[in-house]
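Quick note: to get the working numbering, add 511 to the position in the sequence shown (first position is 1). Accompanying notes for the structure given below.
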Amino acid sequence: MHHTKFETELQVRPDDIDLFRHVHSSRYLDYLLAARFDQMERCYGLSMEEFLKQGLGWYVKTSHFEYKRALGIAERFVVRTWVEDIRSPDVEVRFEMLKGEKRRPACVGWCVFTMVKLDTGKPESIPDWIIEKYSI
512 MHHTKFETEL QVRPDDIDLF RHVHSSRYLD YLLAARFDQM ERCYGLSMEE
562 FLKQGLGWYV KTSHFEYKRA LGIAERFVVR TWVEDIRSPD VEVRFEMLKG
612 EKRRPACVGW CVFTMVKLDT GKPESIPDWI IEKYSI
């Protein structure tokens with residue numbers, strides 16, 4: 512597996528901020544999912560709509576977020592992700608959320624996504640054509 516890394520730029524919205532005037536921890540999963548949604552189509556050539564047409568989807572099985580530096584209101588940052596491992600029906604995605612010109616880590620971690628058949632909600636082996644797209 513090549514571990515090609517892809518990036519998506521996002522911006523903190525006012526409703527992402529908590530009582531402590533930084534991004535609430537629950538928003539980081541939203542940021543990761545937004546970046547993956549963008550990158551699936553733009554970088555892998557495989558939109559979420561294509562998965563839906565095939566009756567397939569991804570459930571979050573496991574997630575780990577390590578918070579390094581706070582993100583503040585209106586701050587722009589980059590979400591860098593890559594496929595670390597594929598063990599059907601699971602895909603491990605690693606990520607870094609980087610802030611500022613020096614791209615210092617705000618949050619790092621990983622998620623395991625499980626491919627499911629949407630009509631049953633049960634795990635489904637990842638088809639070879641998807642593995643091929645993700646193996647760049």
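In this text, a Cβ means the ideal position worked out from N, Cα and C, and glycines have one as well. Values in this document were obtained by computation on a predicted structure and should not be read as measured data.
Beta-bridge pairing by DSSP links R591 to E518, E607. DSSP, read as helix, strand or coil, puts F576 in strand. The C-beta of T519 has 16 or more other C-beta atoms within 10 Å across all chains shown, which makes the residue buried. Listed in chain order, the non-local C-beta contacts of R538 below 7 Å within the same chain comprise D527, local neighbours out to five positions each way being set aside. Judged by DSSP in its simplified three-state form, D596 adopts strand. Judged by DSSP in its simplified three-state form, D601 adopts strand.
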